[in-house]
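In this note's numbering, the protein residues as written are -10 to 231.
Quick reminder that beta carbons are idealized off the backbone N, C-alpha and C, glycines included.
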């Protein structure tokens, strides 16, 4: 558990050692007002960062707060916080390139883009996840989460992978679209086949349904959520879930 001083000090230390840093900022916190949310964002921007991630507080299922929810701002209040943040970030030169990610020009997070574009990445360390594409398959891996057990397995067997899940052809459309639709500019339509090995016909029905509902942009060269689709992103993504 950390306080305001700890958070500020962590950012200062990061600034001393790295050229580019990101700040994760949450809003719609218990009893938070619009003025308080604006003050938090102003404080974050005072650190002169080039990248910022902005998240609406979510109470996860099966947690203490889910069963004992604190007093949270009403939806119209949290919407006002978000709209105010968009205006403030734009005024400071930040562009929104993903649902929760904002950056100065040419300062987008390459790791984030690779992840949302269904790229590959290797999980290193306790609890790390990875995604690896082979010529004939795509797998997702999970490594042992407990550090001591992770080290023991690495020493004894050379790896600590506890789950190596093969993605089926039914999995791939949703897995791809789940990330791609989070990007404000979407992805080139051709990327779907390049990254999944499937033809575009695999998602022709949900695409047609999304277009009918106005949730998808009508540009045939890109898979991109419309403004309405970005607002109701979960509904749009679920169309691709078999």
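* **Continuous alpha helix (DSSP H) stretch holding residue 73: start and end** => The residue given as residue 73 occupies position 84 in the chain shown. Residue 73 -> alpha helix (DSSP H) spans 64 to 80.
* Have a look at 208, 203 and 231 and flag the residue whose alpha-carbon is nearest the alpha-carbon of residue 220. => In the chain shown, the residue the question calls residue 220 occupies position 231. Among 208, 203 and 231, the Cα nearest to that of residue 220 is on 203.
* Asked: According to DSSP, which residues form a beta bridge with residue 154?
  -> Counted from its first residue, the chain shown places residue 154 at position 165. DSSP output for residue 154 lists 129 as bridge partner(s).
* Asked: Are the Cβ atoms of residue 163 and residue 181 separated by less than 8 Å?
  -> To locate residue 163, count along the chain shown from 1; it is residue 174. To locate residue 181, count along the chain shown from 1; it is residue 192. Result no, Cβ atoms of residue 163 and residue 181 do not sit closer than 8 Å.
* To do: Report the rounded CA-to-CA distance for residue 222 versus residue 92, giving the unit in angstroms.
  => Along the chain shown, read from residue 1 onward, the residue named residue 222 stands at position 233. Along the chain shown, read from residue 1 onward, the residue named residue 92 stands at position 103. C-alpha separation (whole angstroms): 21 Å.
* Asked: Near residue 129, which residues of its chain fall below 6 Å by C-beta distance, leaving aside the five closest residues on each side in sequence?
  -> Residue mapping note: residue 129 aligns to position 140 of the chain shown, counting from 1. Contacts found: 120 and 154.
* Asked: Between the C-alpha atoms of residue 125 and residue 54, what's the straight-line distance to the nearest angstrom?
  -> On the chain shown, position 136 is the one that residue 125 refers to. On the chain shown, position 65 is the one that residue 54 refers to. Rounded to the nearest angstrom, the two C-alpha atoms are 43 Å apart.
* If you follow the beta strand (DSSP E) that residue 90 is part of, which residue opens it and which one closes it? -> As a first step, residue 90 must be located in the chain shown, where it is residue number 101. From DSSP, the beta strand (DSSP E) with residue 90 extends over 90 to 92.
* Asked: What number of angstroms, rounded off, separates the C-alpha of residue 140 from the C-alpha of residue 149?
  -> Within the chain shown, numbered from 1, the residue matching residue 140 stands at position 151. Within the chain shown, numbered from 1, the residue matching residue 149 stands at position 160. Whole-angstrom Cα-Cα distance: 8 Å.
* Give every residue of the same chain whose Cβ lies closer than 7 Å to the Cβ of residue 115, excluding the five residues on either side of it in the sequence, and list them in chain order. => Within the chain shown, residue 115 is the residue found at index 126, counting from 1. Excluding residues within five positions, the ones whose Cβ falls inside 7 Å are 132, 133, 134, 135, 136 and 139.
* Asked: Hey, how far is the Cα of residue 179 from the Cα of residue 191?
  -> The residue you call residue 179 lines up with position 190 of the chain shown. The residue you call residue 191 lines up with position 202 of the chain shown. Approximately 13 Å, taken between the alpha carbons.
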